[in-house]
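This report concerns only the one structure given below.
Residue numbers (the numbering used here): 9 to 309.
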């Protein structure tokens, strides 16, 4: 798929991002394959422990506090043996096209790399004040590109239907990605209640949701017969509480619908499934989606 990175003059980078671009490993899938190669050299139990897509792109954007977990640091230092993990996450000021050289003297690595505090966070890895703030850091193409599965429930599902191109979505579906889209029923009672709650004129949300559903139905009709089963569209008629997006059973983005406020004004939480740990909020909201999907109404595409 196309590289959506900005041009050289506009792009900020840390050392890790520049080095990955040099090796053509800046895409999540390519990075994960390389990660596993080095994991097998170090400790085969680390294979498959690579960062989720959202976490990976936060690494590249510099949106991390401290360093990643120690196991991630071990893998990164194996991938780039001339660099410490701390150096990889330093800002690179030489321009994205300039490949940095490792320091002539490699400082001694600390006994235990500092890690971001996660106690009490229950899988939450990032919090944004509003949806636009989240979209700026994690635009739809970064969230959806290369996904194997997308499960999304909310009101009109603009992120999928309006902010992500039809061509990109068709490419995903034709290549085996499964998409489950669950809309608030445009003919139901609760969408009217939401219009009143937001102080909108009648049928504003109804019209928008209907148009978005028709967009997916039209796209479904253009798919090859073998790919059509990859796109499922359903509706529900219940109070709209959350916008939930689950990517690859690994990353979950959740936004509550607040009273007297538009959806774009609500905070957004990003959760990463933590393997080998007690269930956290990822599992809670993934189950909310599954429960709503199970009692929803199928829409004929």
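Just so it is clear, CB atoms sit at the ideal spot from N, CA and C, and this is done for glycine as well.
Counted within 10 angstroms of its Cβ, other Cβ atoms place residue 303 as buried (16 or more) or exposed: exposed
Pair within 8 Å by beta-carbon distance, residue 136 and residue 145: yes
contact_flag[the region 189-199, the region 210-228] where n(CB pairs < 8 Å) is 3 or more: yes
Contacts around residue 147, its chain only, beta-carbon distance under 7 Å, and the 5 residues preceding and following it disregarded: none
Cβ pair count under 8 Å reaching 3, the region 161-174 against the region 222-242: yes
Neighbourhood of residue 68 by C-beta distance below 8 Å, restricted to the same chain and skipping five residues each side: 21, 22, 24, 25, 28 and 34
For residue 163, the three-state DSSP class (helix, strand or coil): coil
Residue 123 to residue 275 span [Cα, whole Å]: Caution applies to residue 123, whose pLDDT of 42 falls short of 50 and renders its modelled position unreliable; the value that the coordinates give is listed next. Residue 123 and residue 275: Cα-Cα distance of roughly 25 Å.
Inter-residue spacing [alpha-carbon to alpha-carbon] between residue 229 and residue 170: 18 Å
Exposed unless 16 or more other CB atoms sit within 10 angstroms - verdict on residue 32: exposed
Proximity to residue 79 [Cα-Cα], best of 39, 93 and 70: 93
Residue burial classification, residue 30 (beta-carbon count within 10 angstroms, cutoff 16): exposed
Rounded C-alpha distance that separates residue 174 from residue 193: 22 Å
Length of the line joining the Cα atoms of residue 203 and residue 140: 21 Å
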